[in-house]
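Peer 1:
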Amino acid sequence: MKVEPTNKIDPLEFLSKLGLGVRATNVLLQMGVKSAAEFTALDEQTLLRRCNCGKKTAAEIMEVVRRYKPSIEVAFGKTDVISLTPAQDMPVSHLRLSVRATNVLGRMKIATVGQLAGASDLGLLNVKNFGKQSLREVRLKVASFISTGFVFWPAKEQTGGQPSRHITRVARKLRRLRNAKAVLRDDPRFGHLIHEMGLEAKNARQAADMIATRKVDPANPQPLNRRLIDLFRAIQAAGRVSLEAELWSLTDGLGSDRNRQIIVSRLGWDGRPPRTLESVGQRYGITRERVRQICTRIERVQKSKPFLPVLDRILKIAAAAAPTLADDFEKELLRRSLTRATFDLDTLVEVAHGFGRKTNFTIEALHGRRVVVPSTRSHLFEQIHETATATVRRWGVANVEDLAAATNTTSAVVRQLLPFVPTF
Numbered sequence: 000m001k002v003e004p005t006n007k008i009d010p011l012e013f014l015s016k017l018g019l020g021v022r023a024t025n026v027l028l029q030m031g032v033k034s035a036a037e038f039t040a041l042d043e044q045t046l047l048r049r050c051n052c053g054k055k056t057a058a059e060i061m062e063v064v065r066r067y068k069p070s071i072e073v074a075f076g077k078t079d080v081i082s083l084t085p086a087q088d089m090p091v092s093h094l095r096l097s098v099r100a101t102n103v104l105g106r107m108k109i110a111t112v113g114q115l116a117g118a119s120d121l122g123l124l125n126v127k128n129f130g131k132q133s134l135r136e137v138r139l140k141v142a143s144f145i146s147t148g149f150v151f152w153p154a155k156e157q158t159g160g161q162p163s164r165h166i167t168r169v170a171r172k173l174r175r176l177r178n179a180k181a182v183l184r185d186d187p188r189f190g191h192l193i194h195e196m197g198l199e200a201k202n203a204r205q206a207a208d209m210i211a212t213r214k215v216d217p218a219n220p221q222p223l224n225r226r227l228i229d230l231f232r233a234i235q236a237a238g239r240v241s242l243e244a245e246l247w248s249l250t251d252g253l254g255s256d257r258n259r260q261i262i263v264s265r266l267g268w269d270g271r272p273p274r275t276l277e278s279v280g281q282r283y284g285i286t287r288e289r290v291r292q293i294c295t296r297i298e299r300v301q302k303s304k305p306f307l308p309v310l311d312r313i314l315k316i317a318a319a320a321a322p323t324l325a326d327d328f329e330k331e332l333l334r335r336s337l338t339r340a341t342f343d344l345d346t347l348v349e350v351a352h353g354f355g356r357k358t359n360f361t362i363e364a365l366h367g368r369r370v371v372v373p374s375t376r377s378h379l380f381e382q383i384h385e386t387a388t389a390t391v392r393r394w395g396v397a398n399v400e401d402l403a404a405a406t407n408t409t410s411a412v413v414r415q416l417l418p419f420v421p422t423f
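Just so we're aligned, residue 0 is where the sequence shown starts under numbering that gives the first Met the number 0, counting upward by one.
#1: Keeping to the same chain, check which residues put their C-beta closer than 7 Å to that of residue 372; ignore five residues upstream and five downstream.
#2: For residue 201 and residue 211, what's the separation of their Cα atoms in angstroms?
#3: I need the boundaries of the alpha helix (DSSP H) containing residue 351, first residue and last residue.
#4: Go through its chain and collect everything with a Cβ distance to residue 107's Cβ below 7 Å, but skip five positions before and after it.
#5: Give the straight-line distance between the Cα atoms of residue 329 and residue 343, rounded to the nearest whole angstrom.
#6: So what does residue 324 bridge to, in DSSP terms?
#7: Quick one: what's got a C-beta closer than 6 Å to residue 84's C-beta in the same chain, skipping five residues either side?
#8: Reducing DSSP to helix, strand and coil, say where residue 128 ends up.
#9: When you compare each of 331, 314, 243 to residue 351 by their alpha carbons, which one comes out closest?
#10: Are there three or more Cβ pairs, one per stretch, closer than 8 Å when the stretch 50 to 64 is compared with the stretch 163 to 182?
#11: When burial is assigned at 16 or more other CB atoms within 10 Å of the CB, is residue 273 buried or exposed?
#12: Between 140, 121, 266, which lies nearest to residue 101 when the distance is taken from Cα to Cα?
#13: Give me the residue from 230, 232, 260 with the minimum Cα distance to residue 243.
#14: To the nearest whole angstrom, what separates the beta carbons of residue 277 and residue 291, a pair I think is in contact under 8 Å?
#15: For residue 28, count the other beta carbons within 10 Å of its own beta carbon; 16 or more makes it buried, fewer makes it exposed. Which is it?
#16: Look up residue 162 in the DSSP assignment and give the residues it is bridged to.
#17: Identify the continuous beta strand (DSSP E) that holds residue 360 and give its terminal residues.
#18: In or out: residue 336 buried (at least 16 other Cβ within 10 Å) or exposed?
#19: Taking 7 Å as the threshold (C-beta atoms), are residue 38 and residue 186 in contact?
#20: According to DSSP, simplified to helix, strand and coil, what is residue 307?
#21: So, helix, strand or coil for residue 426, using DSSP?
#22: Evaluate residue 164 with the Cβ neighbour count: other Cβ atoms within 10 Å of its Cβ, from every protein chain shown; 16 or more gives buried, anything less gives exposed.
#23: Can you say whether residue 21 is buried or exposed, counting buried as having 16 or more other CB atoms within 10 angstroms of its CB?
#24: Hey, could you find the ends of the alpha helix (DSSP H) residue 436 is sitting in?
#25: For residue 183, which of helix, strand or coil comes out of DSSP?
#26: Take residue 97 and list the residues in its own chain whose beta-carbon comes closer than 8 Å to its own, dropping the five residues that flank it on each side.
#27: Take residue 206 and list the residues in its own chain whose beta-carbon comes closer than 6 Å to its own, dropping the five residues that flank it on each side.
#28: Just to confirm before moving on: does the CB-CB distance between residue 121 and residue 129 stay below 7 Å?
#29: Have a look at residue 297 and residue 92 and give me their C-alpha separation to the nearest angstrom.
#30: How about residue 399 and residue 413: are their beta carbons less than 7 Å apart?
#31: Can you look up residue 202 in the DSSP assignment and give me helix, strand or coil?
#32: Can you give the beta carbon distance from residue 233 to residue 308, rounded, assuming they're within the 8 Å contact cut?
#33: Can you look up residue 90 in the DSSP assignment and give me helix, strand or coil?
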């Protein structure tokens with residue numbers, strides 16, 4: 000059966016991206032506005048002639064039109080502004096497409112938004128595994144990307160007016176964030192916001208520095224302002240979630256919810272010990288090989304050094320709390336709402352190592368008890384236990400100072416660990 004190409008875009012999907020009120024959105028729906036070009040061609044008199052569109056609604060719509068029009072004109076080559084990072088050269092990864100669509104575009108060697116926008120519907124539909132649903136997804140993402148506006152910086156020889164004070168204030172607030180330097184340009188969740196600012200910044204703090212000290216604004220400052228605010232709010236909000244939610248968000252764009260659950264189960268990101276390929280496959284009715292294929296999607300995310308403030312905070316707390324019982328520490332994380340449920344500490348260490356994080360503590364087990372100890376003193380718990388047992392067996396008694404000297408540690412550490420030693 001031949002599949003007919005389609006260029007249709009859901010009008011409501013496009014209009015919902017504009018941030019308009021219900022009445023204004025309904026007016027545009029009645030007018031049949033369904034593309035960025037049609038939207039930016041509107042004028043106030045045309046709107047006022049429509050039923051149910053008063054001065055207030057028309058003013059609301061025209062405010063958004065004025066905000067978006069410069070970006071749309073630049074995107075379609077209607078201005079002479081020179082961009083340092085043209086929209087057509089933006090990688091398609093910025094669109095955050097599904098795995099299926101991404102794989103198909105990779106086979107077609109489509110790497111930029113410009114190449115994708117120039118591809119015909121028929122050409123896309125003729126590719127294996129690329130159907131109408133994938134086509135609709137791609138076209139909607141491209142339309143949404145254009146509607147949010149591009150950041151086009153003027154050429155060096157061009158001069159502008161006084162830079163926006165509001166943008167400068169937001170950039171300075173972003174620069175002051177403690178974790179801004181940890182948000183890298185390639186971060187899987189927030190890196191696209193740095194890319195879309197049109198600057199060659201390595202991280203969020205460097206981008207904020209460049210914007211705070213700029214001499215000129217982009218052709219249309221609004222897209223830059225929106226991305227700055229979005230990045231600032233995203234970094235602030237990132238540290239207010241549970242560890243499970245933080246890890247789950249990293250699987251966004253890696254497939255269906257079912258596939259994301261498979262990744263979480265396999266790696267133990269739900270706080271339980273990691274499951275084997277066999278057990279995960281049996282649970283979801285698929286083969287071990289299929290589980291392995293799905294889980295390989297997360298490897299690129301792990302290697303990108305993602306911004307994980309909750310995980311990093313927990314690792315610091317654990318290092319500072321050592322020595323302590325692992326069970327008590329797991330309960331403390333739950334009490335502080337850093338985890339949704341009891342998160343296995345051994346699994347936490349595996350998760351940290353998967354992201355290249357260094358743990359300054361180790362977990363030692365002795366007689367069924369798990370103890371968190373500093374990594375600089377591995378096997379310390381076992382040494383204290385053996386020394387104390389040998390001393391009591393020989394002399395009938397042992398004191399803290401002698402145990403500290405024999406194990407080359409301090410009396411304070413011995414006092415902390417001794418209550419965890421069996422029979423003491």
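Each residue gets a CB set at the ideal place from its N, CA and C atoms; glycine is no exception.
From a predicted model like this one, the values you see are computed outputs, not experimental measurements.
Peer 2: With the structure as the only source:
#1: 321, 322, 360, 361, 363, 379, 380
#2: 16 Å
#3: 344 to 353
#4: 126
#5: 7 Å
#6: Beta-bridge pairing links residue 324 to 370.
#7: Its pLDDT being 43, under 50, residue 84 is placed unreliably by the model, and the measurement read from it follows with that caveat. Cβ neighbours of residue 84 beyond the five flanking positions: 197.
#8: Here residue 128 sits in coil by DSSP.
#9: Of all alpha-carbon atoms in 331, 314, 243, the one lying nearest the alpha-carbon of residue 351 is that of 314.
#10: no
#11: buried
#12: Residue 140 holds the alpha-carbon nearest to the alpha-carbon of residue 101 among 140, 121, 266.
#13: 260
#14: Wrong, their Cβ atoms sit about 11 Å apart, outside the cutoff.
#15: exposed
#16: Beta-bridge pairing links residue 162 to no other residue.
#17: 360 to 365
#18: Classification of residue 336: exposed, given that the 10 Å Cβ count is below 16.
#19: no
#20: coil
#21: In the structure displayed, the chain extends from 0 to 423; residue 426 sits before or after that span and is not available.
#22: exposed
#23: By the 10 Å Cβ count, residue 21 comes out exposed.
#24: Shown here, the chain extends from 0 to 423; a query on residue 436 therefore has no answer.
#25: strand
#26: Counting only Cβ-Cβ distances below 8 Å, and skipping sequence neighbours, we find 133, 136, 252, 254.
#27: 193, 196, 198, 200
#28: no
#29: 15 Å
#30: yes
#31: The answer is strand: DSSP assigns residue 202 an E or B state.
#32: Rounded, the Cβ-Cβ distance is 11 Å, inconsistent with contact.
#33: strand
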